[in-house]
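The structure appears below as structure tokens.
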Amino acid sequence: DLSALLKSGFSSRVRSLYSGTGGPDPLFQPIGGMMQIPLAFQKVIGERIKLGAEVRSVSQTEDAVQVTYRDTTTGEEHREIADYCVCCLPMSVLKEIDITLSSDMAAAVNETGQSTSAKMGLQMRRRFWEEDDGIFGGHLWSRSLQLGEFSYPSNDYFSEKGVLLGYYGNGNQANLSDKSVQGRLDHVLTQASKVHPQIRDEFESAYSVWWEKVPYSLGAYGRTPGLALREQLSKPDGRIYLGSAGTGTRPAWLEGAIQAAWRTVETLHDRAMKG
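Per the working numbering, numbering of the sequence shown is gapless, rising by one per residue and ending at 320.
Here it is, written out as structure tokens:
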């Protein structure tokens with residue numbers, strides 16, 4: 046019954062229909078997890094990447110940009126001076142540091158919201174959803190459960206163990222944001238056991254990430270900015286360019302980060318070539 050299906054709220058969970066989060070393009074998953082993408086960059090340009098550098102301030106003049114950072118290992122402060130700066134910090138972090146921006150750009154940065162989304166992974170000793178229930182991939186969602194969106198793995202079918210993924214579009218659902226990892230786990234197991242009674246017996250370990258609690262993230266991703274805001278964020282501001290995914294149409298996706306990077310590199314290249 047299509048009417049009953051729509052009334053259940055199903056249409057709100059068809060993520061490919063969300064503006065800015067889906068479309069006709071194919072989706073790909075890097076083998077070994079999303080971490081493989083930055084690791085691949087490290088293999089190619091590793092000697093140019095400085096880890097453990099906490100940005101404290103970014104200042105600019107008509108001729109140059111200076112970035113001051115703290116070495117998180119030694120505590121010492123250092124400065125780097127360059128012709129331009131491409132800043133890919135999340136907007137939520139950018140708001141907290143001392144940076145020289147025009148009033149229009151500073152207002153645009155402050156206006157950009159940040160998602161409170163969070164995730165939790167639960168490792169099971171056996172893939173009971175496949176063996177007992179015949180579920181292979183896909184998602185579990187219900188208005189009657191405070192479970193967010195529960196995802197089943199779409200890889201390694203029939204293998205011995207598996208990880209179930211809990212996604213919370215609202216990270217503070219059931220006040221989970223302020224609970225301990227154990228408190229979050231107890232909540233998820235209680236809710237999920239209403240669908241899968243086996244889950245407590247098969248549970249082995251868990252890991253949770255509430256990005257708004259992570260110092261260098263302060264949120265999961267930027268909320269999609271409106272056209273006027275996006276146009277402002279995409280402009281160069283003196284010698285500073287904002288190149289994070291939060292400046293584009295798909296801030297929740299790696300694709301958005303890549304699109305923003307290409308746009309920024311092309312704009313900066315054209316400027317540099319003109320002298």
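Yeah, the Cβ is synthetic: ideal placement off N, Cα and C, and Gly gets one too.
Item, Value
"Mapping the DSSP letters down to three states, classify Y63 as helix, strand or coil.", "Any reading at Y63 is ruled out, since the residue's pLDDT is 44, under 50, leaving its predicted position unreliable."
"Can you give the beta carbon distance from R268 to Q159, rounded, assuming they're within the 8 angstroms contact cut?", "7 angstroms"
"So the alpha helix (DSSP H) W298 belongs to, where does it begin and stop?", "Unbroken run through W298: none, as it is neither H nor E."
"Straight-line CA distance for A317 to G291?", "24 angstroms"
"Taking the beta strand (DSSP E) that T113 falls in, what are its first and last residues?", "V110 to D116"
"Just how far apart, CA to CA, sit Q277 and E311?", "17 angstroms"
"Just list the alpha helix (DSSP H) runs in the segment 138-181, keeping only unbroken ones of 4 residues or longer that don't cross its boundaries, in chain order.", "148-156 and 173-176"
"Which one of M169, K239 and S199 has the shortest CA to CA distance from G183?", "S199"
"Which whole runs of the beta strand (DSSP E) in the segment 221-254 are 3 residues long or more, in chain order?", "none"
"L96: buried (16+ other C-beta within 10 angstroms of its C-beta) or exposed?", "exposed"
"Give me the residue from D282, T113, H314 and W298 with the minimum Cα distance to A152.", "D282"
"Is DSSP giving L272 helix, strand or coil here?", "helix"
"According to DSSP, G282 sits in a beta bridge with which residue or residues?", "It is worth fixing the name first, because residue 282 is Asp in this sequence and not Gly. Its beta-bridge partners are I285."
"Measure from the alpha carbon of G293 to the alpha carbon of each residue in P242, G271 and H314, then state which is nearest.", "G271"
"Since A127 is in the alpha helix (DSSP H), which residue starts that stretch and which ends it?", "Note, A127: premise wrong, no alpha helix (DSSP H); beta strand (DSSP E) at E122 to A127."
"Does the contact criterion of 3 or more C-beta pairs under 8 angstroms hold for the segment 161-169 versus the segment 250-261?", "yes"
"Rounded to whole angstroms, what is the Cα-Cα separation between Q236 and A302?", "34 angstroms"
"Provide the residue span of the beta strand (DSSP E) that contains L190, from first to last.", "No beta strand (DSSP E) contains L190, which DSSP labels as neither H nor E."
"Considering just the uninterrupted stretch of the beta strand (DSSP E) at L210, what are its terminal residues?", "G207 to Y213"
"Which residues does DSSP pair with L324 in a beta bridge?", "Because residue 324 is not part of the residues shown, which for the chain are 46 to 320, the question remains open."
"Identify whether Q277 lies in helix, strand or coil by the three-state DSSP scheme.", "helix"
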